[in-house]
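The opening position of the sequence shown corresponds to residue 51 in this note's numbering, with each subsequent residue numbered one higher. What follows is a single structure, written as structure tokens, with notes after it.
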Amino acid sequence: MPRQGWKQTVGMVLVGLTLSACQVPGVPDHVKNNPYFRSRGDEGGWLWEKLMGQDKTSSHPQASAGPDSSTDSEQPIYPSTTPIGENLEQALQKEQAEQKKKHWFDLSALAPEKLYGKAKEAVGLGPDENLARQLFAEATELYRQGRYAEAADKFRQAAFRWPDSPLEEDALFYRAESLFFAEKYSAAYDVFDQLLKKYENSRYLERAVRRQFAIGRYWEQMAQAHPRWPIVPNLTDRTQPVFDTWGHAIKAYETVRLHDPTGPLADDALMAAGNAYFVKGRYEDAAYQYDLLRKEYPQSEHQYQAHQLGMKAKQLMYQGPLYDGTPLKEAAELADACLRLFPKAPPEERQRLLEEKNRIVEQLAEREWAMAQYYEKKRLYGAARMYYRSLIENPQFARTKYVPLAQQRLAQIQDKPDRPPDYFGWLDRIFPKGK
Numbered sequence: 051m052p053r054q055g056w057k058q059t060v061g062m063v064l065v066g067l068t069l070s071a072c073q074v075p076g077v078p079d080h081v082k083n084n085p086y087f088r089s090r091g092d093e094g095g096w097l098w099e100k101l102m103g104q105d106k107t108s109s110h111p112q113a114s115a116g117p118d119s120s121t122d123s124e125q126p127i128y129p130s131t132t133p134i135g136e137n138l139e140q141a142l143q144k145e146q147a148e149q150k151k152k153h154w155f156d157l158s159a160l161a162p163e164k165l166y167g168k169a170k171e172a173v174g175l176g177p178d179e180n181l182a183r184q185l186f187a188e189a190t191e192l193y194r195q196g197r198y199a200e201a202a203d204k205f206r207q208a209a210f211r212w213p214d215s216p217l218e219e220d221a222l223f224y225r226a227e228s229l230f231f232a233e234k235y236s237a238a239y240d241v242f243d244q245l246l247k248k249y250e251n252s253r254y255l256e257r258a259v260r261r262q263f264a265i266g267r268y269w270e271q272m273a274q275a276h277p278r279w280p281i282v283p284n285l286t287d288r289t290q291p292v293f294d295t296w297g298h299a300i301k302a303y304e305t306v307r308l309h310d311p312t313g314p315l316a317d318d319a320l321m322a323a324g325n326a327y328f329v330k331g332r333y334e335d336a337a338y339q340y341d342l343l344r345k346e347y348p349q350s351e352h353q354y355q356a357h358q359l360g361m362k363a364k365q366l367m368y369q370g371p372l373y374d375g376t377p378l379k380e381a382a383e384l385a386d387a388c389l390r391l392f393p394k395a396p397p398e399e400r401q402r403l404l405e406e407k408n409r410i411v412e413q414l415a416e417r418e419w420a421m422a423q424y425y426e427k428k429r430l431y432g433a434a435r436m437y438y439r440s441l442i443e444n445p446q447f448a449r450t451k452y453v454p455l456a457q458q459r460l461a462q463i464q465d466k467p468d469r470p471p472d473y474f475g476w477l478d479r480i481f482p483k484g485k
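So this is what it looks like as structure tokens:
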């Protein structure tokens, strides 16, 4: 072929590719036939327009949870009578699944979930979108009538008949809502947890964690009002778990933070858990929650309380002058930080905080005195003098009662040897080391 003709051919091909690349591809047939795209009555559907940059609206009109979804009221939010169907990705996954069926053998077919699905299909309980939508519509009507227990069962069936879909996500949420308004809080908490584990970025995330936080608060208050041993079962009150209501409340607070760590209730959940531990007398666990709140949520409205209660929890963790002094030192640091970071605190609270700081300093001085006395009784005068000097030279101990006592003892043992005499040295001469 002549060089000029070859160039013309290549040029025509490049022009054709450029023109084809500038055109928006047509909507595939399997997308056109999808009810998710036919819901608007147009060819491409709102999602296709959004993907192609042609969407004129911010969201699908049915994507809202309800008329008062922005509020946190305890009133039920009614589901849409037409739940959102499968999305484009699921449609593509269906097509890929059909392509896989052409292969004569696939090891993935032996997976337990696949075998379970085949067993459901064999007994007539396999996936059925039309039946699932019918069940969802029936459940919605029961929900609107206030028949929440019956609605919860219908929503359960709808989720069961069309799994791994937005319809299942809707059904799980409204099943949990139905159980919540039926005052079956333990079952509602479990379903909310199931929803957030399977759909981590669910559009119901904020409302679900609010429900779980409210359930946790209720359980904590019930455990305080009617304390019961964790191993004693609850067989009458369906609003509480069967065992350990207080422990389930703590778990609810942890679940709120783990599911939505950047949400508006994450710091509230930490504060509530810390207070629950503090009231229970578990000061080490309470201090851990307060520490986590101060470090992870510096902008939290609970910072002032977390500093004060964290200081008190660490002070109560301290077991005495002959035990580990780390909690007491950390309590003193928190007291200083609280005085420095919150200068606008009420005068009476700052005065109380100063008194608490002085009490902590007195305890730290007592610990230095006790350690010096311990070594002096062991006649290890070198170590005793070190602790006495540390007590005298530390400026924060200047006003404590232990400084004059330390000065007296230091003067009395000034000429004492650092270590007691070795009365058994003659044994080392008779039996040298190594023999």
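Ideal Cβ positions, reconstructed from N, Cα and C, are used throughout, including at glycine.
- For the set Ala422, Lys428, Glu426 and Gln413, the Cα lying nearest the Cα of Tyr437 is the one of Ala422.
- Lys407 counts as buried, since at least 16 other C-beta atoms from the protein chains shown sit within 10 angstroms of its C-beta.
- By the beta-carbon neighbour count (other beta carbons within 10 angstroms, threshold 16), Thr376 is exposed.
- Counting along the chain, the unbroken alpha helix (DSSP H) around Leu343 starts and ends at Tyr333 to Glu346.
- For Thr305, the enclosing alpha helix (DSSP H) begins and ends at Thr295 to His309.
- Here the C-alpha atom of Arg183 lies approximately 23 angstroms from the C-alpha atom of Asp240.
- Taking 7 angstroms as the cut-off, the Cβ atoms of Asp317 and His352 count as close.
- Cβ neighbours of Glu200 within its own chain (closer than 6 angstroms, five residues either side excluded): Leu192.
- Arg257: member of the alpha helix (DSSP H) spanning Leu255 to Ala275, first to last residue.
- With contacts defined as CB atoms closer than 7 angstroms, Trp269 and Thr295 qualify as a contacting pair.
- Close CB contacts of Ala232 within its chain, under the 6 angstroms cut and outside five residues either way in sequence, are with Tyr198 and Ala199 (chain order).
- For Thr450, same chain residues with a beta-carbon under 6 angstroms away, outside a window of 5 residues either side, are Glu412 and Ala415 in chain order.
- In the structure shown, the three-state DSSP call for His357 is helix.
- Val306 places its beta carbon less than 7 angstroms from that of Ala319.
- Per DSSP, reduced to three states, the secondary structure at Arg288 is coil, with no helix or strand assignment.
- Within a 10 Å sphere around the beta-carbon of Ala461 sit fewer than 16 other beta-carbons, which makes this residue exposed.
- Counting only the Cα atoms, Leu359 lies some 34 angstroms from Lys234.
- Burial check for Val282: the Cβ neighbour count within 10 Å stays below 16, so the residue is exposed.
- Here Asn325 has Ala336 and Leu359 as same chain residues with Cβ atoms under 8 angstroms from its own Cβ, once five neighbours each way along the sequence are excluded.
- Taking a C-beta distance under 7 angstroms as the contact criterion, Phe392 and Tyr354 qualify as a contact pair.
- Note that the C-beta distance between Lys364 and Ala387 is not below 7 angstroms.
- If you look at Gln462, you'll find it in the alpha helix (DSSP H) that goes Tyr452 to Gln462.
- For Thr190, the closest alpha carbon among the candidates Ser228, Leu308, Gln458 and Gln349 is that of Ser228.
- Between Trp419 and Tyr373, the gap from beta carbon to beta carbon reaches 7 angstroms or more.
- Non-local beta-carbon contacts of Tyr249 in its own chain, meaning distances under 7 angstroms to residues more than five positions away in sequence, involve Glu219 in chain order.
- Within the stretch 351–405, complete alpha helix (DSSP H) segments of at least 4 residues are found at 353–367 and 376–391, given in chain order.
- Taking C-beta atoms as the reference points, Phe205 and Arg225 count as a pair closer than 7 angstroms.
- Shortest Cα-Cα distance from Ile127 to any of Glu383, Phe447 and Phe223 involves Phe223.
- Taking the C-beta atoms as reference points, Leu185 is found nearer than 7 angstroms to Ala208.
- A distance below 7 angstroms separates the beta carbons of Tyr431 and Lys466.
- Contact between Leu366 and Leu389 does not hold, since the beta-carbon distance rounds to 20 angstroms and is not under 8 angstroms.
- Relative to Gln262, the option among Arg429, Ser215, Asp310 and Ser440 whose CA is nearest is Asp310.
- For the options Asn180, Arg288, Glu398 and Arg459, the alpha carbon positioned closest to that of Phe230 is the one of Arg288.
- In the three-state scheme derived from DSSP, where H, G and I count as helix and E and B as strand, Arg435 is classed as helix.
- A direct Cα-Cα distance of roughly 32 angstroms separates Pro277 from Leu255.
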